[in-house]
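In what follows, a single structure is set out as structure tokens and then discussed.
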Amino acid sequence: MLDVSIVGTAMYAPERVETAADLAPRIGRSERWIERRTGVLRRHISDEPMNVMAARVVREVLGDGPPPDLLVNASLTPLQLIPDSSVFILEELGLSGIASFSVHGTCLSFLLGLHTAASLVHSGAYKRVVVVSSEQGSVCRDFDQPESAALIGDGAGAAIIEPATRPGQGILGFAQQTFPDGAELTELRGCGTRHHPNDPATTDKDNLFQMQGPNVYKMALRRVPPIIGGLLEQAGLRPQDIDVVVPHQPSGPGMKAYEKLGFHPDQIVNIIDEYGNCIAASLPMALATADRAGRLRRGDLVMMLGTGAGLSIAGMILRW
Numbered sequence: 510m511l512d513v514s515i516v517g518t519a520m521y522a523p524e525r526v527e528t529a530a531d532l533a534p535r536i537g538r539s540e541r542w543i544e545r546r547t548g549v550l551r552r553h554i555s556d557e558p559m560n561v562m563a564a565r566v567v568r569e570v571l572g573d574g575p576p577p578d579l580l581v582n583a584s585l586t587p588l589q590l591i592p593d594s595s596v597f598i599l600e601e602l603g604l605s606g607i608a609s610f611s612v613h614g615t616c617l618s619f620l621l622g623l624h625t626a627a628s629l630v631h632s633g634a635y636k637r638v639v640v641v642s643s644e645q646g647s648v649c650r651d652f653d654q655p656e657s658a659a660l661i662g663d664g665a666g667a668a669i670i671e672p673a674t675r676p677g678q679g680i681l682g683f684a685q686q687t688f689p690d691g692a693e694l695t696e697l698r699g700c701g702t703r704h705h706p707n708d709p710a711t712t713d714k715d716n717l718f719q720m721q722g723p724n725v726y727k728m729a730l731r732r733v734p735p736i737i738g739g740l741l742e743q744a745g746l747r748p749q750d751i752d753v754v755v756p757h758q759p760s761g762p763g764m765k766a767y768e769k770l771g772f773h774p775d776q777i778v779n780i781i782d783e784y785g786n787c788i789a790a791s792l793p794m795a796l797a798t799a800d801r802a803g804r805l806r807r808g809d810l811v812m813m814l815g816t817g818a819g820l821s822i823a824g825m826i827l828r829w
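Under the numbering used here, think of the first position of the sequence shown as 510, with each following residue one higher.
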């Protein structure tokens, strides 16, 4: 067990909204097709870079409190490859001399960053850590791939982790597994050495998000249940013991699939219709939404879970 507490959450969605009706002509599909296939009615599109959105939510979650002694950037979409994007977030915040780094696990980045931060706080290395996910994935959409283009939205979310203040508070269990036979199902091939920008063989498509949605869904349905079932068993819990389930928001069908794990819809925080899939920011945005709504009470058992490219799967159980 990691004796830590999430003492604050925040989320940000850009003002510009793109509806299914707005998007339909660009992808050659009807508004009804988009809503039925993806479950996304609206998505928010940012005109600001990821470091600016990240700074917005970090300022909100810090409020009038002291600055963190560590900032963990847990995002997929970087501002640039070097230096690390956490540097630009600190610059936007006007902070200097504070430790920072990035944790990258695609859609699972926030969950992995949260576990990393909790481990560091539990060890005594840091006392106050901010984990922030900020995604401007809309710039990487391939409008020739209607389903994935209709899923992606922009946004940011953050949380503060500090030492626990009560006995029994903290992370009760964590599990993560990766299955590389799913590597080609979700890709952005460019920006690395395999498809270097200066290589004449690199195409425009290599720099856009590509996903085989139905195949990802099938693989996740097969792989997720034993991992999450094992996590519950490790903690001595059943699905009905969990007060709130805060998942990554993959798609409308993906949200329904969480019910196959034994969770009731009332347990699940579902924001896919309003924000779409905001990559790593989806989970902290859902967490902050639940927190704002008063759904997270001290002592509640909370499960966070999701999938990411790879295929990677992770879950965490904590006592709020």
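By construction, the Cβ of each residue, glycine as well, lies at the ideal position given by its N, Cα and C atoms.
Computed from a predicted structure; not experimentally measured.
Exercise. With distances taken Cα to Cα, identify the nearest neighbour of F718 among T702, A658, R538.
Key: In terms of CA proximity to F718, A658 leads the group T702, A658, R538.
Quiz item: Near T711, what residues of its chain come up, given a Cβ to Cβ distance below 8 Å and the 5 sequence neighbours on each side ignored?
Solution: If the five residues before and after T711 are omitted, its C-beta is found closer than 8 Å to the C-beta atoms of G699, H704, H705, all from its own chain and listed in chain order.
Practice problem: Would you grab the beta carbon distance between S821 and L617 for me? Rounded to a whole angstrom, and I think it's under 8 Å. | Solution: At roughly 6 Å, the Cβ-Cβ gap stays under 8 Å, so S821 and L617 are in contact.
Quiz item: Are the Cβ atoms of V630 and V513 separated by less than 7 Å?
Solution: Yes. Within cutoff.
Quiz item: How many whole angstroms separate the CB atoms of H517 and V570, which I take to be in contact at a CB cut-off of 8 Å?
Solution: A quick correction: the sequence has Gly, not His, at residue 517. Beta-carbon to beta-carbon, G517 and V570 are separated by about 5 Å, close enough to satisfy the 8 Å threshold.
Quiz prompt | Cβ distance (whole Å) where D782 is taken to contact G548 below 8 Å | solution = Their Cβ separation, rounded to whole angstroms, is 6 Å, which keeps D782 and G548 in contact under 8 Å.
Quiz item: What distance in whole Å lies between the Cβ atoms of M813 and M794, which are believed to be in contact at a cut-off of 8 Å?
Solution: Actually they do not touch by this definition, with Cβ atoms about 12 Å apart.
Self-check item: L580 - partner residues in DSSP beta bridges
Solution: According to DSSP, L580 bridges with S609, V639.
Practice problem: Might you give, ordered along the chain, the residues of its own chain that have their beta carbon closer than 6 Å to the beta carbon of S609, omitting 5 neighbours on each side? | Solution: Taken in chain order, the residues that qualify are L580, S595, L599.
Quiz item: Where does I554 sit, in a helix, a strand or coil, going by DSSP?
Solution: Here I554 sits in coil by DSSP.
Exercise. Please work out which residues of its chain come closer than 7 Å, Cβ to Cβ, to L681, disregarding the five sequence neighbours upstream and downstream, and give them in chain order.
Key: Contacts found: M510, A744, I826, L827, R828.
Quiz item: Whole alpha helix (DSSP H) runs in the stretch 769-827 with 4 or more residues, listed along the chain?
Solution: As far as the stretch 769-827 is concerned, its whole alpha helix (DSSP H) runs of at least 4 residues are 781-784, 791-801.
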